[in-house]
Each structure stands twice: as C-alpha cells, then as structure tokens.
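Going line by line, the protein sequences match chains P and W.
Start counting the first sequence at 1; every next residue gets the next number (my numbering).
Start counting the second sequence at 217; every next residue gets the next number (my numbering).
The structure under discussion appears below in the form of structure tokens.
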Amino acid sequence: MNIFRLAGDMTHLMSIVVLLLKMHTIKSCAGISLKTQELYALVFITRYLDIFTDFVSLYNTVMKIFFLGTSISIVWYMRYHKVVKQSYDKDHDTFRHYFLILPCFLLALIINDEFTFREVLWTFSLYLEAVAIIPQLVLLQRTKNIDNLTGNYVFFLGAYRGLYILNWIYRYFTDSHYRRKGITWTSGIVQTLLYADFFYYYIRSWRRNERLNLPA
Amino acid sequence: ESKPTEHDEL
Numbered sequence: 001m002n003i004f005r006l007a008g009d010m011t012h013l014m015s016i017v018v019l020l021l022k023m024h025t026i027k028s029c030a031g032i033s034l035k036t037q038e039l040y041a042l043v044f045i046t047r048y049l050d051i052f053t054d055f056v057s058l059y060n061t062v063m064k065i066f067f068l069g070t071s072i073s074i075v076w077y078m079r080y081h082k083v084v085k086q087s088y089d090k091d092h093d094t095f096r097h098y099f100l101i102l103p104c105f106l107l108a109l110i111i112n113d114e115f116t117f118r119e120v121l122w123t124f125s126l127y128l129e130a131v132a133i134i135p136q137l138v139l140l141q142r143t144k145n146i147d148n149l150t151g152n153y154v155f156f157l158g159a160y161r162g163l164y165i166l167n168w169i170y171r172y173f174t175d176s177h178y179r180r181k182g183i184t185w186t187s188g189i190v191q192t193l194l195y196a197d198f199f200y201y202y203i204r205s206w207r208r209n210e211r212l213n214l215p216a
Numbered sequence: 217e218s219k220p221t222e223h224d225e226l
C-alpha cells in the first residue's frame, strides 16, 4: 500500500461520506443522480463477488463491505426514504443508464484477461465505473444551483481514480510482482478524463470563491 | 504460479 493508493481510497470514502451526510442531515438528494448511484451499486456488486472467496487483507474486505453497503443504501434512500426521495430531481435525471450498461457488458465479453464468469464481471465493473458518472455530470449541467456538498461529492469521486493512476505508475516502477493491467489503467484514465471539464470549473469557482456553476 | 489476474485493489 502506497500513499497514492491510500489517498485514492480515502477520497473515495470521503465522497460517499459527503453524500451520506447530505442525505442524513439535510434529508436531501437534490442534484444527485439516481442513475449514477444505481450504476455504482451495480459496479460494486459485480466487482466484489470475490469478497467471500479471495482474501487480500482485512483493509480490502472492510472497504469492500463499506462500498457495497453504502452504495446500496444510497439507492434505497433516494428511491424509498419518504423525505429524501421528494428532493430527487427526477425530471432532469433522464439519462438512460441502460445505454451504458449494455455496451460495457458487451465490451467485457470481448475484451477481458480471462473468459470466466467472475473475470468478465470484474472487467464489466471497470468499464461501467469509468462511465457511471455521466448521468451525474449531465444532471449537474442542468442544475442551476449546485450546492457545496454535491460539488464536493463529485470532486472527491473524480479525484479518487486520478490518485489511483499515480498509484499504478508508482507500483509499476517499484513492485516487481505487479503486472501490466491494461484494462484497469485504460478504464481509470478514461474515468478521470471524463471529470476534466468538471475539475476545471470546480477549481475555478473555488479560487474565485464563487458558487459552482457548469455552463450548459 | 499465480493467477493471470489478481485483484488486490478496490
């Protein structure tokens, strides 16, 4: 475990804490895309099928349980919590997430490291994670007043994979047992690039001390 | 020999 990986995991964790904080304390999910949240739940469910069979470390297992539990409970909150669901911006969250799921699944069937049930699903989860933010970014562009918690949530979520890229570079040079992981790296780079535009406006609004607003 | 794909990251 190097500092980049740890920092990546911590920003990922932070993003979820920020989102849960928003839902728990102000009982609101305004500006949050349910489509994206459902995609993340699917990402973690398909990626962490190994939770009961492969033990890497206590840290990994605990984190996997955390990501699985929180992603599913966030979807539950947005769909069923009688207060939270009222703030869900259904009319603007119209991206068809099925259009992302199907191509990712087909791609995982074609391009994978090993044609097994678990490996294909793992690969699918990487492809899907790379693009899962798209409905959220679309919703942000349609949202007039993006609140701080939502902006920070997306920022932490984007920073996480960017830090993982630094971790991969570090491991590539320092860990002789570390293999080439083309699928992971490519997906991670695509995932981070999707945030480029958002990062630009996020940092600009932060420096100018202005409210975050994405141009349409 | 270890598996072709080991997933030790999250």
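We put the beta carbon where it would ideally sit given N, CA and C, even for glycine.
Chain-order list of chain W residues neighbouring residue 50 of chain P: 223, by C-beta distance under 9 angstroms.
Between the region 7 to 22 of chain P and the region 125 to 134 of chain P there are fewer than three C-beta pairs closer than 8 angstroms, too few to call the two in contact. Distance from the CA atom of residue 65 of chain P to the CA atom of residue 71 of chain P, rounded to whole angstroms, is 10 angstroms. Residue range 34 to 47 is occupied by the alpha helix (DSSP H) that includes residue 37 of chain P. One finds 226 in chain W with Cβ atoms closer than 8 angstroms to the Cβ of residue 64 of chain P, taken in chain order. For a cut-off of 8 angstroms, the C-beta gap from residue 165 of chain P to residue 189 of chain P is around 6 angstroms, short enough to register as a contact. Taking 8 angstroms as the upper bound for CB-CB distance, residue 57 of chain P and residue 139 of chain P are not in contact here, some 36 angstroms apart. Look at residue 175 of chain P: its C-beta is not under 8 angstroms from any C-beta on chain W. Neighbourhood of residue 5 of chain P in chain W, by CB distance below 8 angstroms: 225, in chain order. For residue 14 of chain P, the enclosing alpha helix (DSSP H) stretches over residues 3 to 25.
Of the residues P:210, P:175, P:161 and P:197, the one whose Cα lies closest to the Cα of residue 191 of chain P is P:161. Annotated as proximal: residue 151 of chain P and residue 212 of chain P, with beta-carbon spacing under 8 angstroms. Among the CB atoms of chain W, none fall inside 8 angstroms of the CB of residue 2 of chain P. Relative to the Cα of residue 196 of chain P, the nearest Cα in the group P:173, P:181, P:5 and P:137 belongs to P:137. For residue 212 of chain P, the secondary structure class from DSSP, reduced to helix, strand or coil, is coil. The beta-carbon of residue 190 of chain P is placed no less than 8 angstroms from the nearest beta-carbon of chain W. Contact annotation: residue 6 of chain P and residue 44 of chain P have beta-carbon atoms that are not nearer than 8 angstroms. Residue 182 of chain P counts as exposed, since fewer than 16 other C-beta atoms from the protein chains shown sit within 10 angstroms of its C-beta. In summary, residue 110 of chain P is exposed, with fewer than 16 beta-carbon neighbours lying within 10 Å of its beta-carbon over all protein chains present.
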